[in-house]
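Colleague: Residue numbers (our numbering): 7 to 145.
Glycine included, each C-beta is placed from N, C-alpha and C at the ideal position.
Here it is: the structure, laid out below.
Encoded structure:
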């Protein structure tokens with residue numbers, strides 16, 4: 007039973023979408039922690055903090071996706087590939103940030119609201135980002 011479970015998990019992680027989602031979870035942690043750092047510790051406005059945290063998450067996601075999810079495309083020009091990933095992430099950021107802003111305005115103020123808005127925005131952008139990464143960035 008345990009051996010079959012590990013085989014299934016291994017099989018799932020061989021699929022790009024699951025690897026992409028795993029990298030996305032790591033990017034979420036980077037996003038959330040840097041958002042909290044800029045907003046709560048530095049005292050930047052919420053949308054500036056969110057934009058900066060998004061950029062940190064994009065960089066970490068590109069590095070991890072390049073190394074693990076799309077490792078067969080490591081030979082590509084670094085600048086060109088990162089530029090494409092940044093552009094794809096920017097396209098995905100539009101609905102991500104819009105949903106975040108709407109929910110921040112709509113939900114009661116507090117850390118749970120920030121977390122919910124962040125998760126909702128990320129989920130909206132996930133599909134766009136994966137498809138662009140699969141079909142354009144890492145080809």
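(1) Could you give the residue range of the alpha helix (DSSP H) that holds residue 82?
(2) Would you mind working out which of 31, 54, 21 and 132 sits nearest residue 97, comparing C-alpha positions?
(3) For residue 125, which residues from the same chain have a beta carbon less than 8 Å from its beta carbon, with the 5 sequence-adjacent residues on both sides left out?
(4) Please state whether the Cβ-Cβ distance between residue 52 and residue 110 is less than 8 Å.
(5) Once DSSP output is grouped into helix, strand and coil, what is the label at residue 144?
(6) So is residue 127 buried or exposed if we call it buried at 16+ other beta carbons inside 10 Å?
(7) Beta-carbon separation of residue 74 and residue 21 under 8 Å?
Modeller: In this structure, then:
(1) Taking the chain shown and counting its residues from 1, one reaches residue 82 at position 76. Element bounds for residue 82: n/a, residue is neither H nor E.
(2) For the purposes of this step, residue 97 is taken as the residue at position 91 of the chain shown. Comparing Cα-Cα distances from residue 97 to each of 31, 54, 21 and 132, the minimum goes to 132.
(3) On the chain shown, residue 125 is found 119 positions in, with the first residue counted as 1. Result list for residue 125: 34, in chain order.
(4) The sequence position of residue 52 within the chain shown is 46, counting from 1. The sequence position of residue 110 within the chain shown is 104, counting from 1. Their beta carbons are under 8 Å apart, which means residue 52 touches residue 110 by this criterion.
(5) If you number the chain shown from 1, residue 144 lands on position 138. DSSP places residue 144 in coil when its eight states are reduced to three.
(6) By one-based count along the chain shown, residue 127 stands at place 121. Under this definition residue 127 is a buried residue.
(7) Counting from 1 along the chain shown, the entry for residue 74 is found at position 68. Counting from 1 along the chain shown, the entry for residue 21 is found at position 15. Their beta carbons are not under 8 Å apart, which means residue 74 does not touch residue 21 by this criterion.
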